[in-house]
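Have a look at the structure below before the remarks.
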Amino acid sequence: MDELRLTDEVAALAAAARVSRTTHHSGSMTWRAWGEGEPVLLLHGSHGGWMHWLRNIPVLAASRWVIAPDMPGFGESDPPEDLDSAPAHSRMLGEGLREILDGVGSTDIIAFSLGAMIACHLSFAAPEVVRRIVVVDAGGLGTPMRSPDLRSVKGVTGERLRDVNRHNLSAMMFHNPALIDDVAIDITIFGAKRVKTRVQHHVVPNKLLPVIAQVRAPIDAIWGEWDYPHPSPETNIAVIRQFQPQAELRVLPKAGHWSMYEQPDAFNAAALDLLAAPARPWLACSGSK
């Protein structure tokens, strides 16, 4: 946890975590867990780690066993040998998840942005551990995209680095810039410095689409109303419903791309609502393969 400003919020959650590591051919993965009960796996987005879920873990852990790894190649986890392959990342994740679950069975998955791609590939790599997938603000569906005005952080340090990250969070991740706090900036800087993979470059504009068409686990979605890079929740869920007609959508008002941080109360309520319903059996439809 070096270089991260440990606010009370971050420090308390980090101290409460049960930390474990799984060993793989190409390195190891770091996992954190909180709570007891039915498992729910949280998969973060690009340039992130378990702290993407900072505002959600305490609420979910009140009733669930929350498992939040640093995905392969991010945070404290080593990458697989193939830095460009989503299946390779998911296979490594699946190996570790089998060990973490240790015969418990399958888990619900909530997967943010890049995490949605990894979760869908995980349903092929380790189908026995995937109960359902809730995608959050996912890209790669071939729907209209917008390119945010991102500024480079290369060679930037000190307060200027914080200023650039604040700008980038405003451009891409948040709908309301006033809600960008020091913790969000800290998490972003901390995660970006620890990226050891290139898998994040292999999602947009439509790399998730052929994958999600073959997923047999039920899929639902949570979307920020004002997600900048992947706008129009209804447009995106319409694509998912080509393959999963019963897919549920929860739209979070006043939320941008990092919706679970910007509007945590609304996100937590939506997540718990979706998880409370029995997982649907997968139903084939005309668009499925």
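Per the working numbering, residue 16 is the first one in the sequence shown, and the count goes up by one each step. Glycine included, C-beta positions come from ideal geometry on N, C-alpha and C.
Approximately 43 Å separates the beta-carbon atoms of Arg146 and Asp178; this is outside 8 Å, ruling out the contact. DSSP places Pro94 outside any alpha helix (DSSP H), giving it a letter other than H or E.
Where Leu58 is concerned, the enclosing beta strand (DSSP E) starts and stops at Pro54 to Leu58.
Taking the CA atoms as reference points, Asp196 sits about 33 Å from Thr37. Residue range Asp23 to Ala31 is occupied by the alpha helix (DSSP H) that includes Ala30. Within the model, the alpha-carbon separation for Val150 versus Leu289 is close to 11 Å. Distance between Arg175 and Gln215, taken at the CA atoms: about 25 Å. In the three-state reduction of the DSSP assignment, Pro84 falls in the strand class. If you draw a 10 Å sphere on the C-beta of Glu143, you find fewer than 16 other C-beta atoms in it, and that means exposed. Excluding five sequence positions before and after Arg181, the CB atoms of its chain that fall closer than 7 Å to its own CB belong to Ile195 and Ile200, given in chain order. Taken in chain order, the complete alpha helix (DSSP H) segments of 4 or more residues contained in the stretch 193–272 are 197–207, 224–227 and 248–256.
The beta carbon of Gly271 is closer than 7 Å to those of Met188, Phe189, His190, Gly239, Trp241, Asp242, Tyr243 and Glu277 in its chain, skipping five residues each way along the sequence. In the displayed model, Ser43 falls within a strand according to three-state DSSP.
Relative to the Cα of Thr203, the nearest Cα in the group His217, Ser185 and Glu110 belongs to Ser185. Lys269 has its alpha-carbon roughly 38 Å from the corresponding atom of Asp97. The count of Cβ pairs closer than 8 Å, one atom from the stretch 94–111 and one from the stretch 68–83, stays below three, leaving the stretches out of contact. The shortest CA-to-CA distance from Gly130 to any of Leu223, Asp23 and Phe282 is the one to Leu223. With a beta-carbon spacing of about 13 Å, Ile125 and Ala284 fall beyond the 8 Å limit used to define contacts. Setting aside the 5 residues that flank it on each side, Arg33 is surrounded in the same chain by Ala48, each with a C-beta closer than 6 Å to its C-beta; the list follows chain order.
Judged by DSSP secondary structure, Ala291 falls within the alpha helix (DSSP H) whose first and last residues are Pro279 to Ala291. Take Gly154, set aside five residues on each side of it, and the residues of its chain with a beta-carbon closer than 6 Å to its own are Val218, Val219 and His245, in chain order. Here the stretch 83–93 lies against the stretch 57–72, with 3 or more beta-carbon pairs under 8 Å apart. In the DSSP assignment, Val179 falls within the unbroken alpha helix (DSSP H) covering Gly173 to Asn183. Across the structure, Val266 and Ser41 are spaced so that their CA atoms are roughly 39 Å apart.
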